[in-house]
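J.: The structure that follows is given in the form of structure tokens.
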Amino acid sequence: MLHAHGHRIWIDLHCEAVQDGDGNVAALRGTIQDVTDRVNAEEALRQADQRKNEFLAMLAHELRNPLAPISTAAGLLKSVYATDPGQVRRTSDIIARQVEHMVHLVDDLLDVSRVTRGMIKLECARLDLRQVVTAALEQVQPLIGMKRQHLRTELPATAVAVDGDAKRLIQVLANLVNNAAKYTPEEGRLVVSLRVEGLEAVLSVQD
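In the working numbering, the protein residues as written are 7 to 213.
See the structure below:
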């Protein structure tokens with residue numbers, strides 16, 4: 007209903023007919039209750055539940071990304087490369103980085119209450135976007151290798167400094183490259199480029 011003051015309200019209306027002795031309707035009686043607060047609270051709960059479901063679906067997808075490089079690296083450690091100290095160190099670094107990334111994602115999972123309130127926490131710090139690209143491509147490399155695709159990266163020779171949340175940026179880029187690889191035919195080509203234009207960093211994924 008439209009309130010006398012001009013704003014809209016939700017009402018709960020109950021009404022019944024009052025009959026006279028001949029069975030004719032003699033009057034109507036009932037109640038009208040303003041339930042705007044209740045309806046708004048129900049809508050807030052519905053939106054919070056929707057945010058939670060969207061977040062859990064996103065997180066389930068994100069948790070799969072680090073598993074591929076961890077599995078690949080573990081396989082390398084069991085292979086002939088395990089006798090090469092340099093290869094072992096590089097492979098161990100991959101596992102350590104991806105496990106750390108998964109720990110952050112699990113922390114998100116354990117703090118779903120923030121998501122229901124629409125409060126995703128960003129941990130901003132000065133970082134080099136080139137390292138974000140390296141970490142993201144590390145997650146997608148197993149899929150690219152499985153499809154025998156050709157990946158070209160174009161990175162500046164010097165650091166590209168930005169203020170941002172490294173974990174979230176890695177998630178964004180890994181998803182972009184993962185989708186590019188998924189919908190590119192086998193032995194297709196992918197290009198990930200990073201460049202500086204004035205005061206902005208431009209990161210692109212081409213399939």
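Backbone N, C-alpha and C fix where the C-beta goes; we use that ideal spot for every residue, glycine too.
Would the stretch 62-80 and the stretch 127-140 be scored as touching if the rule is three or more Cβ pairs under 8 Å?
T.: No: the two stretches stay apart, fewer than three of their Cβ pairs being nearer than 8 Å.
J.: Give, in chain order, every unbroken run of the alpha helix (DSSP H) that is at least 4 residues long and sits entirely within the stretch 125-170.
T.: For the stretch 125-170, whole alpha helix (DSSP H) runs of length 4 or above, ordered along the chain, are 135-152.
J.: Secondary structure at residue 215, three-state DSSP: helix, strand or coil?
T.: With the chain represented from 7 up to 213, any question about residue 215 goes unanswered, as that position is not in the structure.
J.: So the candidates are 9, 156, 34, 146; which of them puts its Cα closest to the Cα of residue 21?
T.: Cα-wise, what sits closest to residue 21 is 34.
J.: Please report how far the alpha carbon of residue 82 lies from the alpha carbon of residue 174, in whole angstroms.
T.: Whole-angstrom Cα-Cα distance: 28 Å.
J.: Looking at the strands, I want to know which residues DSSP matches up with residue 37.
T.: According to DSSP, residue 37 bridges with 20.
J.: For residue 166, which of 151, 179, 206 has the nearest alpha-carbon?
T.: Among 151, 179, 206, the Cα nearest to that of residue 166 belongs to 206.
J.: Hey, residue 187 and residue 149: beta-carbon distance below 7 Å or not?
T.: Cβ atoms of residue 187 and residue 149: closer than 7 Å.
J.: Going by C-alpha distance, which of 74, 170, 48 is nearest residue 130?
T.: Among 74, 170, 48, the Cα nearest to that of residue 130 belongs to 170.
J.: Count the C-beta pairs between the stretch 11-25 and the stretch 36-43 that are closer than 8 Å, then say yes if the count reaches three, no if not.
T.: Enough Cβ pairs lie closer than 8 Å, so yes.
J.: The beta strand (DSSP E) with residue 239 in it runs from where to where?
T.: In this structure the chain extends from 7 to 213, so residue 239 is not present and cannot be described.
J.: Here's the rule I'm using: 16 or more other beta-carbon atoms within 10 Å means buried, otherwise exposed. How should residue 25 be labelled?
T.: Label assigned to residue 25: exposed.
J.: Taking the beta strand (DSSP E) that residue 195 belongs to, which residues open and close that run?
T.: Counting along the chain, the beta strand (DSSP E) containing residue 195 begins and ends at 195-203.
J.: Going by DSSP, what residues sit across from residue 182 in a beta bridge?
T.: Paired residues: none, contrary to the question.
J.: Roughly how many whole angstroms lie between the Cα atoms of residue 108 and residue 69?
T.: Approximately 6 Å, taken between the alpha carbons.
J.: Using 8 Å for Cβ pairs, my map puts residue 142 next to residue 176. What's the rounded Cβ distance?
T.: The Cβ separation is near 5 Å, so the contact holds.
J.: Can you tell me which of the three DSSP states residue 10 falls into?
T.: DSSP places residue 10 in coil when its eight states are reduced to three.
J.: At the level of alpha carbons, what is the spacing between residue 55 and residue 184?
T.: Approximately 28 Å, taken between the alpha carbons.
J.: Within 10 angstroms of the Cβ of residue 31, are there 16 or more other Cβ atoms? Answer buried if so, exposed if not.
T.: It is exposed - the Cβ of residue 31 has fewer than 16 other Cβ atoms within 10 Å.
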